[in-house]
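Just so you know, the protein sequences line up as chains A and B, in that order.
Residue 262 is where the first sequence starts when you use our numbering, and the numbers rise one by one after that.
Residue 234 is where the second sequence starts when you use our numbering, and the numbers rise one by one after that.
All C-beta atoms in this analysis are idealised placements derived from N, C-alpha and C, irrespective of residue type, glycine included.
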Amino acid sequence: MVVPRTDFPILNREIHGKKLVYLDNAATTQKPKVVIDAMNNYYENYNSNVHRAVHLMAGEATDSYESCRTTLKNWFNAERAIFTSGTTEAINLAAHAWGKENLRSGDVVLMTEMEHHSDIVPWQLLADDLDIELRYIPVKEDFTLDLEAFDASLDGVKLVCIVHTSNVLGVRNPIEYVIEKSHSIGAKVLIDAAQGVPHKQIDFEKSGADFMAMSAHKMMGPTGIGALLVTEEIFQSMRPFMGGGDMIQTVTLKGSTYQDNEHKFEAGTPKIAEAIGWKAALDYMANIDLEAEHSRLVEIAKWTSSQLEDLGATIYGRYSEQDAAVVSFLFDNLHPEDLAHYLDAMGFAIRTGHHCAQPLLERLGVKGTARASFYLYNTMEEAVEFIEAVKYVLEKFG
Amino acid sequence: MNEALEEILDEFEEIEDRMEKFEFLHDLSDELNQLPTEEWTDSTRIDGCQSEAHVKVWIDSGLVQFRGGADASIVAGLMGIISIAVHGQTVEYVRALQPEFLARTGLLNSLTPSRSNGFRNIFSRVKIAIGE
Ligand SMILES: Cc1ncc(COP(=O)(O)O)c(C=O)c1O
Chain A
262 MVVPRTDFPI LNREIHGKKL VYLDNAATTQ KPKVVIDAMN NYYENYNSNV
312 HRAVHLMAGE ATDSYESCRT TLKNWFNAER AIFTSGTTEA INLAAHAWGK
362 ENLRSGDVVL MTEMEHHSDI VPWQLLADDL DIELRYIPVK EDFTLDLEAF
412 DASLDGVKLV CIVHTSNVLG VRNPIEYVIE KSHSIGAKVL IDAAQGVPHK
462 QIDFEKSGAD FMAMSAHKMM GPTGIGALLV TEEIFQSMRP FMGGGDMIQT
512 VTLKGSTYQD NEHKFEAGTP KIAEAIGWKA ALDYMANIDL EAEHSRLVEI
562 AKWTSSQLED LGATIYGRYS EQDAAVVSFL FDNLHPEDLA HYLDAMGFAI
612 RTGHHCAQPL LERLGVKGTA RASFYLYNTM EEAVEFIEAV KYVLEKFG
Chain B
234 MNEALEEILD EFEEIEDRME KFEFLHDLSD ELNQLPTEEW TDSTRIDGCQ
284 SEAHVKVWID SGLVQFRGGA DASIVAGLMG IISIAVHGQT VEYVRALQPE
334 FLARTGLLNS LTPSRSNGFR NIFSRVKIAI GE
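Next up, the structure:
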């Protein structure tokens, strides 16, 4: 199924009197009406807290909330899915609940230069506490990871953290190779799948990864919810770091015992409406031929990048089959911030700046890029309009 | 508000098309007394701009002096407006000036002081320099 644009109410919006062309999908995606309706329906018809009361609405809310978890586990083929506020909290949870318990002074956490700040800073904070060593796999001139350097950096490594698909470059990393190699030396692997999951139904168990972090809002779900998927082995070696309601079995003044399921890591009233919205998004995605759509979007990205290149832009990325439809670019004679403002005046939403990946940009030798990122509801016509708009700006201000 | 500033804000209000507003803004960067790049330092840098933006504000014989420079043309234009608003004005006058006048340009998508709102941060720098 090709996604009907009419499923997304926001796409009818005008921006400064112009038709909206939304190309900031790597930051967050738009929501189909079914997601918005599911959340409204919860608040209008069965808003209740979960896991606690015996009344009818509490039962309905609990079932709906937990059915998101079931859908999520089925979608990703994962044994354990812990709800978090998003990718960032998922990685912080891994650092606190697993890292603090399982890493020792002198252990090494290996990351890449391509990581989002969300997959760097939690480990830096942990390094302050635990005296662990942090290493980074470099990015090569062709925007891919230096796998030889990776092979050579594995000594003492206990955890490898790698972004599935870069939010700046759109490059999809060889996670299969990284997982296999890491496991061969006994290291665990965490995948930041924030930009991977919107484009592909990933089989977590088959991937062999130990942790996978994601955000619902990048795959048509609401903001405020995401998940950390973990294997049963990892799950059993994690210790809760947030205490409170919902995560306990018994509490006495001497001490407490914890739930033995995912609730153990979900202290407090959870993200109920958000889970319900996310489930609606996953159900919606289940009807889409993601593979075909992904190929279509990569073609659009490829075309867009070659057009931009013809206009004189430098492109940061490459567009092979499995990469994401993310086009990062820069013009010598036009500041990206100016370009973004001018495009906004014409109805185009793009992102500029460091994209929360400053080490990568430093590696690329730039302070920021302009980024157009495409998603299911974007069309080739929009890409053509986008290029026309860029041409217009270049003529006027370039 | 001084007359030159009034005139400019009136002009902005008259222009309906946003791209035309930007063209007008683009020209206003000429009004800015340039702070040469050699004088750009950490202490002149404005945080919260995606571009390099630098201003120097000081008081000379009771009058506020403003110089600025930026690598993005829109930021330079906004500095041009702020320069028209404060350069050569008395400290008392600038003290009474509130940043809300910038909204009359119709160019701000967000009024929230935030990372992406360098505009407000430039104005705050002026206020700090005059001891507010
Ligand atoms: C690769 C990557 N990792 C992590 C994140 C952080 O996601 P969130 O802000 O939803 O926690 C993002 C979002 O920008 C991302 O693109």
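Taking the beta carbon of Phe-658(A) as reference, the chain B residues within 9 Å of it are Phe-255, Glu-256, His-259 and Ser-306, listed in sequence order. When DSSP states are grouped into helix, strand and coil, Phe-590(A) belongs to the strand group. In the assembly as shown, Tyr-303(A) is a buried residue. Its beta-carbon has 16 or more other beta-carbons within 10 Å. Per DSSP, the beta bridge partners of Arg-300(B) are Lys-289(B). In the pairwise beta carbon analysis, the segment 481–498 of chain A is classified as not touching the segment 304–318 of chain A: fewer than three pairs are separated by under 8 Å. Annotated three-state conformation of Tyr-636(A) is coil, per DSSP. In the three-state scheme derived from DSSP, where H, G and I count as helix and E and B as strand, Gln-619(A) is classed as helix. Here the alpha carbon of Ala-454(A) sits roughly 22 Å from the alpha carbon of Asp-412(A). Residue ranges of uninterrupted alpha helix (DSSP H) with 4 or more members, entirely inside the segment 372–450 of chain A and ordered along the chain, are 382–391, 408–413 and 436–445. When rounded, the separation of the alpha-carbon atoms in His-378(A) and Asp-392(A) is 20 Å. A contact is defined here as three or more CB-CB pairs under 8 Å, and the segment 589–596 of chain A meets this definition with respect to the segment 567–577 of chain A. The three-state reading of DSSP puts Lys-563(A) in helix, counting H, G and I together. A Cβ-Cβ distance of about 7 Å is found for the pair Pro-531(A) and Asp-507(A), placing them in contact under the 8 Å criterion. Secondary structure at Arg-624(A): helix, using DSSP grouped into helix, strand and coil.
Distance from the CA of Glu-642(A) to the CA of Glu-649(A), rounded to the nearest whole angstrom, comes to 11 Å. When rounded, the separation of the alpha-carbon atoms in Ala-358(A) and His-615(A) is 29 Å.
Not flagged as an interface residue toward chain A: Ser-316(B), since no C-beta distance is shorter than 7 Å. Using a Cβ distance threshold of 7 Å, Ile-271(A) and Gln-291(A) count as a contacting pair. Burial check for Asn-548(A): the Cβ neighbour count within 10 Å stays below 16, so the residue is exposed.
The beta carbon of Gln-283(B) falls within 7 Å of a beta carbon belonging to chain A, placing the residue at that interface. Between Gln-283(B) and Gly-629(A), the C-beta gap is smaller than 7 Å, which places the two residues in contact. Spanning the alpha carbons of Leu-551(A) and Tyr-545(A) requires a straight line of approximately 11 Å.
Short note on Ser-634(A): C-beta not closer than 6 Å to any heavy atom of ligand 1. Cβ-Cβ separation between Ile-355(B) and Val-288(B): approximately 6 Å, consistent with a contact (criterion under 8 Å). Counting the other CB atoms within 10 Å of its CB gives His-316(A) a total below 16, which places it among the exposed residues.
A Cβ of chain A is located within less than 7 Å of the beta carbon of Met-252(B). In this structure, Leu-281(A) and Ala-610(A) form a Cβ contact; the two beta carbons are roughly 7 Å apart against a cut-off of 8 Å. Chain B has a Cβ within less than 7 Å of the Cβ of Gly-614(A). Judged by pairs of C-beta atoms under 8 Å, the segment 422–435 of chain A touches the segment 450–468 of chain A, as three or more such pairs exist.
Of the heavy atoms belonging to ligand 1, none sits nearer than 6 Å to the Cβ of His-357(A). Here the alpha carbon of Met-481(A) sits roughly 41 Å from the alpha carbon of Gly-367(A). Scanning chain B for C-beta atoms nearer than 8 Å to the C-beta of Gly-573(A) yields nothing, as the closest lies near 17 Å away. For the segment 456–513 of chain A, the full-length beta strand (DSSP E) segments reaching 3 residues or more read 472–476, 487–491 and 509–512 along the chain. By the Cβ neighbour-count rule, Val-263(A) is exposed, with fewer than 16 other Cβ atoms within 10 Å of its own.
Among the CB atoms of chain B, none fall inside 7 Å of the CB of His-555(A). Close CB contacts of Gln-385(A) within its chain, under the 7 Å cut and outside five residues either way in sequence, are with Leu-395 (chain order).
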